[in-house]
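For reference, the structure discussed in these notes is given below.
Chains as they are written, first to last, in my numbering: chain A, 89 to 424; chain B, 35 to 316.
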């Protein structure tokens, strides 16, 4: 760890913090400034049966009669202190609501992530070693196909085939092993396509390198050649795209949880959308931004440690895919 | 130089341009699919004799046959007809989304790249924020704020894609700005606006076109997802996502899901293929 690295890390950390704060402000603006008045719509909904007096009380209690900058400041300072406010529907703390459903979504998302990685690497392996005309073309088409299928369709097809036809799981028991597994597959497939696209491009590039020919010439097994000489150098850009794909897992969980009838962050969002429970929505969006920014921050920080060629000057992330020899020569990476 | 030799030369370039533009069979097929989809959305009545709204109750939940290509739904409506009539809304909304994303994102990227300095810094942070919120979540929030219907879902989808266009446009503008011909235009006394409109914009927008086409396919998916969750127009509208959503309650009659899903996938695949081809021929 040198000074260059530490100051780079500090700079990226500060940037990440600013982005999270701005994401909060942005969501706040979207929900409070755009036309339409979700809050009084909910309160004045005759089904809720609030009198005008009660409505005024609730609005005052939530601080909604204050001017918008004041509201923003109050809620932003609460957010920084870790207080997400209370749900407008159930009047329970938003943090509790989220904590209740978080484990289920974490299980789903991490399983989906593992499946996505495995699938991407398998596809990548196939594109390097399957016969050119037969299997390879098919495999190369997979990412594009995966990205063209709405992920609720993948979920419905899996439910239809494995749930209804084969009876592997039952939709009314969404937390059983197989139900979770297939939900994770549905969520992971589009993510795997994004990773596979980048992986294949880099594997192709690496396999043309001279050291790859040398490794082949030395008679290494396919597995060893793939793992040590192709996959390892290709993994850097894959880290970048993987970090970006995390956001997709969060967004996709909304649909997957609905399709598979799971309780989780996604279903919480859906419920909050239909009841226009803004504090909950705002908290979830901000948390998603925090997760996304953190994961990308970690990727950015790991990058220069894995690849000493990565430049540390300036903010933008260096990409080895495009980095030519000139960039390597001029790099001021940690002079360890 | 005689007129004859001039025309001969131009014929040669025309031929070589045609060979350069030679369309691979899969791309031709993709264009055919898109042509059908466009025809469906312009004149749905030409492609079917059934009504998309009124069904024959006696003929409910029939499996696909010669009379009903995609079978019939729980109200005895011909599913193929519903898909055809739902095309216009599905396609138009994706188009709205792309136009919003490309215009807003393009403008942000253009300003950031061309003006540089603090404008660039401020806009870059805005783009970072838009990127930090998962696309689909962002679309859901926006559609919640402005109300549930298909047009709003399209607007929300467009907003969620602004960042991508801004990024690409900015990097293209910066690349073009450093080109020698732009420098030359400056030296010849071209005003900033002239250079922006005459040189930078046309060059930078070249790589925005494949992106826009790709985004069109993605928008179809996102809007279908929003419709699936019930954030679009309610039935009897027959957006593709909504059809699949209705079908999911009748999984015993799987064509109610598979048929509209197949049309959606075929459309998006074709669009993606065309986008890839555009990127390669550029």
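Idealized CB from N, CA, C, for every residue including glycine.
- Shown here for residue 244 of chain A: same chain residues with a beta carbon closer than 8 Å to its own, the five before and five after excluded, namely 347 in chain order.
- Segment contact: the segment 81-89 of chain B against the segment 240-252 of chain B, fewer than three CB-CB distances shorter than 8 Å; contact not assigned.
- Cα atoms of residue 342 of chain A and residue 192 of chain B: separation of roughly 19 Å, rounded to the nearest angstrom.
- Rounded to the nearest angstrom, the gap between the Cα atoms of residue 114 of chain A and residue 163 of chain B is 8 Å.
- Separation of residue 300 of chain B and residue 250 of chain A (C-alpha to C-alpha, rounded to the nearest whole angstrom) is 24 Å.
- When DSSP states are grouped into helix, strand and coil, residue 282 of chain A belongs to the helix group.
- Contact between residue 340 of chain A and residue 170 of chain B holds: CB atoms are separated by about 7 Å, below the 8 Å threshold.
- For residue 292 of chain B, the uninterrupted alpha helix (DSSP H) segment begins and ends at 289-315.
- Taking 8 Å as the CB threshold, residue 112 of chain B stays off the interface with chain A.
- Remark: three or more beta-carbon pairs, one from each stretch, lie closer than 8 Å, so the segment 264-283 of chain B and the segment 117-127 of chain B are flagged as touching.
- For residue 181 of chain A, the secondary structure class from DSSP, reduced to helix, strand or coil, is strand.
- With a threshold of 16 other beta carbon atoms within 10 Å, residue 166 of chain A falls short and is exposed.
- By the Cβ neighbour-count rule, residue 217 of chain B is exposed, with fewer than 16 other Cβ atoms within 10 Å of its own.
- Contact annotation, residue 91 of chain B with residue 110 of chain B: C-beta distance approximately 5 Å; criterion of less than 8 Å satisfied.
- Not flagged as an interface residue toward chain B: residue 390 of chain A, since no C-beta distance is shorter than 8 Å.
- Within a 10 Å sphere around the beta-carbon of residue 225 of chain B sit fewer than 16 other beta-carbons, which makes this residue exposed.
- Residues of chain B with a Cβ closer than 8 Å to the Cβ of residue 111 of chain A are, in chain order, 163, 166 and 167.
- Scanning chain A for C-beta atoms nearer than 7 Å to the C-beta of residue 259 of chain B yields 238, 240 and 343, reported in chain order.
- Chain A places a beta carbon closer than 8 Å to that of residue 288 of chain B, counting this residue as a contact.
- Comparing alpha carbon positions, the residue from A:236, A:286 and A:177 closest to residue 302 of chain B is A:236.
- Taking the C-beta atoms as reference points, residue 196 of chain A is found nearer than 8 Å to residue 268 of chain A.
- Residue-level contact check: residue 256 of chain A does not touch chain B, since none of the beta carbons of chain B fall below 8 Å from its beta carbon.
- Contact check for residue 190 of chain B and residue 380 of chain A: beta-carbon distance about 19 Å, past the 8 Å limit, so the pair fails to qualify.
- Comparing C-alpha distances from residue 117 of chain A to each of A:295, A:367, A:331 and A:186 shows the shortest one belongs to A:367.
- Residue nearest to residue 371 of chain A within the set B:119, B:175, B:194 and B:219 is B:175 (criterion: CA-CA distance).
- In the DSSP assignment, residue 351 of chain A forms no beta bridge with any residue.
- The C-beta of residue 196 of chain A comes no closer than 8 Å to any C-beta of chain B.
- With a beta-carbon spacing of about 6 Å, residue 215 of chain A and residue 224 of chain A fall inside the 8 Å limit used to define contacts.
- Using a 10 angstroms sphere on the CB of residue 180 of chain B, the tally of other CB atoms reaches 16 or more, which defines it as buried.
- At least one CB of chain B lies nearer than 8 Å to the CB of residue 247 of chain A.
- The CB of residue 159 of chain B comes closer than 8 Å to the CB of 106, 107 and 110 in chain A, given here in chain order.
- Taken residue by residue, none of the segment 133-151 of chain B has a beta-carbon sitting less than 9 Å from a beta-carbon on chain A.
- The beta-carbon of residue 195 of chain B is placed no less than 8 Å from the nearest beta-carbon of chain A.
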